[in-house]
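For the record, in the sequence shown the residue sitting at position 93 is 93 according to UniProt numbering, with numbers rising by one throughout.
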Amino acid sequence: MGKVDVEPHENAVAVAGIEIDEARKEIDSLDLQIIDIMRRRRAISHQIQQQRTSEGGTRTVLSREKIIIDRYVAALGSQGATLALNVLSFCRGRLPESATEAGGTPRGNS
1 MGKVDVEPHE NAVAVAGIEI DEARKEIDSL DLQIIDIMRR RRAISHQIQQ QRTSEGGTRT
61 VLSREKIIID RYVAALGSQG ATLALNVLSF CRGRLPESAT EAGGTPRGNS
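Right, here's the structure in full:
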């Protein structure tokens, strides 16, 4: 193999064979995909919450949330629990105004 002379870009270091600028572009693309997925997940979660509450149920089901947390931990290790809790919190969204009026405690939101 012949030697290839390449002028390094300022602050460019190869990361697993990828220049930092290229790796950052890929991260930016992944971030946009994650944002889109989180918006879709939240919309679906809100649909489920509305259905459950319209049928007299709670907004959240703790046993279901435990399954989700366990899935994240199994895939990502102990930090997966923190990520799962943040995802669940984001997807729950704000409490409806009527749930917190008159100082009441919202059902199913412990």
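Glycine included, each C-beta is placed from N, C-alpha and C at the ideal position.
No experiment lies behind these values; they were computed from the predicted model shown.
Contact between the segment 35 to 47 and the segment 80 to 94 is present, with at least three C-beta pairs closer than 8 Å.
Between I69 and L85 a beta carbon distance of about 7 Å is seen, short of the 8 Å cut, so the two are scored as contacting. The Cβ atoms of R64 and Q49 do not sit closer than 7 Å to each other. Each residue's CA atom was taken as its position, placing T82 and V73 some 9 Å apart. Cα atoms of Q47 and Q33: separation of roughly 21 Å, rounded to the nearest angstrom. Secondary structure at E55: coil, using DSSP grouped into helix, strand and coil.
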